[in-house]
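Read through the structure below, which is laid out as structure tokens, and then see the notes.
There are 2 protein chains.
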Amino acid sequence: MNAPIHLDFDTLRRRIAAILRRGGLAPLHAEALARVIAAGERDGAKSHGIYRIEGCLRTLKAGKVSADAEPELLDDGSGVIRVAAGGAFSPAAFECGVPRLVERARALGLAALAINDCVHFSALWPEVEALAGHGVAALALCPSYATVAPAGGTRPLLGTNPLAFAWPRPGAETPYVFDFATSVAARGEIELHRRAGKPLPDAWAIDSQGAPTNDPAAALAGAMLPFGGHKGSAIATMIELLAGAMIGDLTSRGALDALGTTTLAPRHGELILAFSPERFAAGRPGDPFAAGEALFGAILDQGARLPSQRRFAARARAAAEGIALTPDEVALLDRLEAGGLDAVS
Amino acid sequence: MNAPIHLDFDTLRRRIAAILRRGGLAPLHAEALARVIAAGERDGAKSHGIYRIEGCLRTLKAGKVSADAEPELLDDGSGVIRVAAGGAFSPAAFECGVPRLVERARALGLAALAINDCVHFSALWPEVEALAGHGVAALALCPSYATVAPAGGTRPLLGTNPLAFAWPRPGAETPYVFDFATSVAARGEIELHRRAGKPLPDAWAIDSQGAPTNDPAAALAGAMLPFGGHKGSAIATMIELLAGAMIGDLTSRGALDALGTTTLAPRHGELILAFSPERFAAGRPGDPFAAGEALFGAILDQGARLPSQRRFAARARAAAEGIALTPDEVALLDRLEAGGLDAVS
Numbered sequence: 001m002n003a004p005i006h007l008d009f010d011t012l013r014r015r016i017a018a019i020l021r022r023g024g025l026a027p028l029h030a031e032a033l034a035r036v037i038a039a040g041e042r043d044g045a046k047s048h049g050i051y052r053i054e055g056c057l058r059t060l061k062a063g064k065v066s067a068d069a070e071p072e073l074l075d076d077g078s079g080v081i082r083v084a085a086g087g088a089f090s091p092a093a094f095e096c097g098v099p100r101l102v103e104r105a106r107a108l109g110l111a112a113l114a115i116n117d118c119v120h121f122s123a124l125w126p127e128v129e130a131l132a133g134h135g136v137a138a139l140a141l142c143p144s145y146a147t148v149a150p151a152g153g154t155r156p157l158l159g160t161n162p163l164a165f166a167w168p169r170p171g172a173e174t175p176y177v178f179d180f181a182t183s184v185a186a187r188g189e190i191e192l193h194r195r196a197g198k199p200l201p202d203a204w205a206i207d208s209q210g211a212p213t214n215d216p217a218a219a220l221a222g223a224m225l226p227f228g229g230h231k232g233s234a235i236a237t238m239i240e241l242l243a244g245a246m247i248g249d250l251t252s253r254g255a256l257d258a259l260g261t262t263t264l265a266p267r268h269g270e271l272i273l274a275f276s277p278e279r280f281a282a283g284r285p286g287d288p289f290a291a292g293e294a295l296f297g298a299i300l301d302q303g304a305r306l307p308s309q310r311r312f313a314a315r316a317r318a319a320a321e322g323i324a325l326t327p328d329e330v331a332l333l334d335r336l337e338a339g340g341l342d343a344v345s
Numbered sequence: 001m002n003a004p005i006h007l008d009f010d011t012l013r014r015r016i017a018a019i020l021r022r023g024g025l026a027p028l029h030a031e032a033l034a035r036v037i038a039a040g041e042r043d044g045a046k047s048h049g050i051y052r053i054e055g056c057l058r059t060l061k062a063g064k065v066s067a068d069a070e071p072e073l074l075d076d077g078s079g080v081i082r083v084a085a086g087g088a089f090s091p092a093a094f095e096c097g098v099p100r101l102v103e104r105a106r107a108l109g110l111a112a113l114a115i116n117d118c119v120h121f122s123a124l125w126p127e128v129e130a131l132a133g134h135g136v137a138a139l140a141l142c143p144s145y146a147t148v149a150p151a152g153g154t155r156p157l158l159g160t161n162p163l164a165f166a167w168p169r170p171g172a173e174t175p176y177v178f179d180f181a182t183s184v185a186a187r188g189e190i191e192l193h194r195r196a197g198k199p200l201p202d203a204w205a206i207d208s209q210g211a212p213t214n215d216p217a218a219a220l221a222g223a224m225l226p227f228g229g230h231k232g233s234a235i236a237t238m239i240e241l242l243a244g245a246m247i248g249d250l251t252s253r254g255a256l257d258a259l260g261t262t263t264l265a266p267r268h269g270e271l272i273l274a275f276s277p278e279r280f281a282a283g284r285p286g287d288p289f290a291a292g293e294a295l296f297g298a299i300l301d302q303g304a305r306l307p308s309q310r311r312f313a314a315r316a317r318a319a320a321e322g323i324a325l326t327p328d329e330v331a332l333l334d335r336l337e338a339g340g341l342d343a344v345s
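Chains A and B, in that order, give the protein sequences. Residue numbering for the first sequence follows the UniProt record's numbering, beginning at 1 and increasing consecutively. Residue numbering for the second sequence follows the UniProt record's numbering, beginning at 1 and increasing consecutively.
Have a look at this one:
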């Protein structure tokens with residue numbers, strides 16, 4: 001009786017939106033969140049799939065997110081498009097800013113979208129993929145909350161600060177895209193090691209005294225470490241500066257201090273840069289997209305992989321067979337659909 | 001008799017410029033190169049100090065760099081400032097583009113400088129530091145030549161692709177700045193291990209068959225590896241796309257194919273992004289620079305270091321005592337000054 005149940009994307013998306021509306025989210029936000037959560041589930045990115053629904057509702061129940069603030073677009077005609085999210089979840093704010101960001105990047109060669117005061121829990125790949133779908137290259141970055149020590153440090157200060165990038169591949173189904181935390185591992189992976197009683201690999205974390213640890217519980221009480229030593233630490237610091245300090249929003253330290261817990265989605269800002277390769281390459285020999293394809297071909301030719309291929313394979317499977325949910329996952333949807341906010345622990 | 005000889009910055013800079021002029025470089029390029037080479041020596045960044053002079057002259061002697069092309073500024077009023085370097089060294093092209101880049105970043109919030117057809121050997125920190133001195137945050141990236149395998153690959157394809165960033169610190173002597181290769185180590189470090197007969201640390205390199213190796217000679221015949229596994233590999237790939245394909249210039253593979261050797265400075269492009277924190281933070285609560293200082297303070301408070309501190313300490317020593325050269329280094333300057341291109345092997 002544990003055979004998976006297959007749902008098509010739109011059915012799953014509509015079920016998630018209904019749950020979020022029933023939980024009290026305004027339709028605009030329920031629909032935008034449902035799109036990214038269903039996309040996570042479709043791509044086999046379980047950590048950003050339906051597992052996130054309860055966290056969204058829990059943040060709402062705790063009064064830490066606006067259920068209905070309308071994103072406000074602020075455009076002074078410069079290269080910086082701003083969206084004031086008003087304390088609501090980020091996906092609707094992102095969608096609000098996209099058309100103007102793309103238009104401005106095409107006009108100027110590059111443009112930035114600064115989202116302020118959003119509650120953030122989603123992966124960044126849906127955003128950079130969406131922009132690549134409009135023909136622009138995109139780089140997205142945001143702080144999170146302080147759970148990562150800087151290289152050589154002893155205490156949490158930086159966030160897992162994701163960095164995502166996409167490059168359009170005209171004619172292909174999917175762009176070149178990567179999206180990763182600048183910590184060695186995601187916090188969820190440490191939690192999974194704890195539940196499984198497995199020690200952590202070296203250099204993932206330090207304990208509350210700042211000493212290296214392989215004990216997941218000690219790591220959760222201490223701090224994670226950045227990927228790539230001092231280089232990853234520098235990149236995570238740059239993300240705090242550009243996507244926190246520079247856009248007049250919270251750093252990861254500020255976001256955690258304001259929220260007081262890592263169990264709810266944090267509130268901060270996000271920075272997305274968009275580049276028009278046609279504008280950059282104008283007047284130069286060659287085609288930037290053909291040059292990109294030559295590079296990807298050379299990577300694949302030597303047996304290396306492009307990033308996100310596991311997600312894209314899951315997406316292709318979901319397109320052919322539907323999105324596979326376990327009976328437990330379907331029961332979770334049923335329970336949330338029936339219970340609304342009361343079903344949330 | 002091995003006591004160091006101390007030169008002040010301007011004396012060293014003038015001596016280097018004289019050598020480069022004597023070697024045939026036009027004054028514009030000789031002066032611009034002398035500034036960055038003297039700055040490297042002053043900061044104790046020996047790999048970009050006077051050791052580079054011979055390499056510059058060797059590249060000139062081989063006919064692989066223009067001695068006198070004037071950088072040409074191309075400005076269509078967009079966010080992308082272009083400088084056509086015409087096959088000359090990059091520093092004069094960078095200096096040519098700076099005023100317009102800063103002006104445009106202040107006007108639009110962000111702007112890009114694309115340098116095309118430059119011969120590149122210098123570090124990127126002098127550039128992002130110069131921009132931070134104008135009050136803008138800056139991110140600089142460029143390919144190099146194919147000496148690094150992508151993660152999971154077996155052959156050189158990517159360059160050591162440096163990434164540099166600076167954030168202004170009003171009132172401080174120096175900005176927040178980092179500059180690093182996206183390979184685990186610089187090629188020069190592998191060469192140093194080879195000369196010292198020391199094995200390489202794990203995960204630095206693969207041999208010509210694509211197998212992991214600790215043998216420096218096998219590594220030099222094979223490929224270096226990116227820092228941080230697949231994450232660093234993705235960042236290095238992004239640099240190929242943005243600072244190669246997108247600006248209509250060579251990738252690291254193309255640069256090596258065109259040059260045919262790793263012993264001369266490669267010709268390709270460079271991309272520099274400049275951001276005006278005041279423009280980004282306009283209308284938002286708080287001061288972006290104060291937020292940056294709070295972050296730096298929190299890093300230092302827990303005993304971690306900010307990047308580039310060793311360079312800045314060397315810079316302070318040089319300001320107090322002069323730049324210390326060994327008698328051998330002074331003899332090198334004497335020999336190059338007397339011999340011009342004939343003194344270059």
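Just so it is clear, CB atoms sit at the ideal spot from N, CA and C, and this is done for glycine as well.
- Those residues of the stretch 7 to 35 of chain B placed with their C-beta closer than 9 Å to a C-beta in chain A do not exist.
- Secondary-structure assignment with DSSP links residue 177 of chain B through a beta bridge to B:166.
- Per the coordinates, the alpha-carbon of residue 29 of chain B lies some 36 Å from the alpha-carbon of residue 228 of chain B.
- Counting along the chain, residue 119 of chain A sits inside the beta strand (DSSP E) bounded by residues 110 to 119.
- Secondary structure at residue 252 of chain B: helix, using DSSP grouped into helix, strand and coil.
- Beta-bridge partners assigned by DSSP to residue 275 of chain B: B:110, B:137.
- Under the Cβ criterion (8 Å, minimum of three pairs), the stretch 299 to 312 of chain A does not count as touching the stretch 128 to 136 of chain B.
- In the pairwise beta carbon analysis, the stretch 88 to 107 of chain A is classified as touching the stretch 116 to 135 of chain A: at least three pairs are separated by under 8 Å.
- Put simply, the backbone Cα of residue 163 of chain A is about 21 Å away from that of residue 281 of chain B.
- Between residue 88 of chain A and residue 66 of chain A, the gap from beta carbon to beta carbon is short of 9 Å.
- In this structure, residue 251 of chain A keeps its C-beta atom at 9 Å or more from the C-beta atom of residue 333 of chain B.
- Beta bridge pairing from DSSP links residue 89 of chain A with A:119.
- Across the set A:318, A:290, A:7, the C-alpha of A:290 shows the shortest separation from the C-alpha of residue 172 of chain A.
- Only 302, 303, 304, 305, 307 from the stretch 300 to 324 of chain B bring a Cβ to less than 8 Å from some Cβ of chain A.
- Residue 272 of chain A has a beta carbon lying at 9 Å or more from every beta carbon in chain B.
- Residues of chain B with a Cβ closer than 9 Å to the Cβ of residue 154 of chain A are, in chain order, 302, 303, 304.
- By the neighbour-count criterion, in which 16 or more other beta carbons inside 10 Å mark a residue as buried, residue 226 of chain A falls on the buried side.
- Within chain B, the residues placing a beta-carbon under 7 Å from that of residue 251 of chain A are 291, 295, ordered along the chain.
- In the same chain as residue 46 of chain A, and ignoring 5 residues on each side of it, the C-beta atoms closer than 8 Å to its own belong to 40, in chain order.
- Interface annotation for the stretch 95 to 127 of chain B against chain A: 107, 108, 109, 110, 111, 112, 114, 116, criterion Cβ-Cβ distance under 8 Å.
- Within the stretch 279 to 314 of chain B, the complete alpha helix (DSSP H) segments at least 4 residues long are 288 to 301, listed from N- to C-terminus.
- Cα atoms of residue 191 of chain A and residue 292 of chain A: separation of roughly 38 Å, rounded to the nearest angstrom.
- Proximity to residue 84 of chain A across A:258, A:248, A:330, A:266 peaks at A:248, based on C-alpha coordinates.
- DSSP links residue 226 of chain B through a beta bridge to B:183.
- Only residues of its own chain outside the window of five on either side were considered, and among them 200, 216 have a CB closer than 6 Å to the CB of residue 193 of chain B, listed in chain order.
- Between residue 220 of chain A and residue 243 of chain A, the C-beta spacing is not below 9 Å.
- In chain order, 108, 109, 110, 279, 280 make up the part of chain A whose C-beta sits under 8 Å from the C-beta of residue 80 of chain B.
- Here residue 17 of chain A carries a helix assignment [DSSP, helix/strand/coil].
- At a beta-carbon threshold of 7 Å, the residues of chain A lying near residue 228 of chain B are 227, 228, 231, 232, ordered along the chain.
- Within chain B, the C-beta atoms nearer than 8 Å to that of residue 286 of chain A come from 248, in chain order.
- Closest option to residue 158 of chain A, judged by alpha-carbon separation, among A:181, A:168, A:139: A:181.
- Under a criterion of Cβ atoms nearer than 7 Å, the residues of chain B adjacent to residue 238 of chain A are, in order, 165.
- In the three-state scheme derived from DSSP, where H, G and I count as helix and E and B as strand, residue 269 of chain A is classed as strand.
- Here the alpha carbons of residue 202 of chain B and residue 213 of chain B stand approximately 7 Å from one another.
- Residue pairing by DSSP places residue 65 of chain B in no beta bridge whatsoever.
- Residue 7 of chain A carries a strand assignment under DSSP once its states are collapsed to helix, strand and coil.
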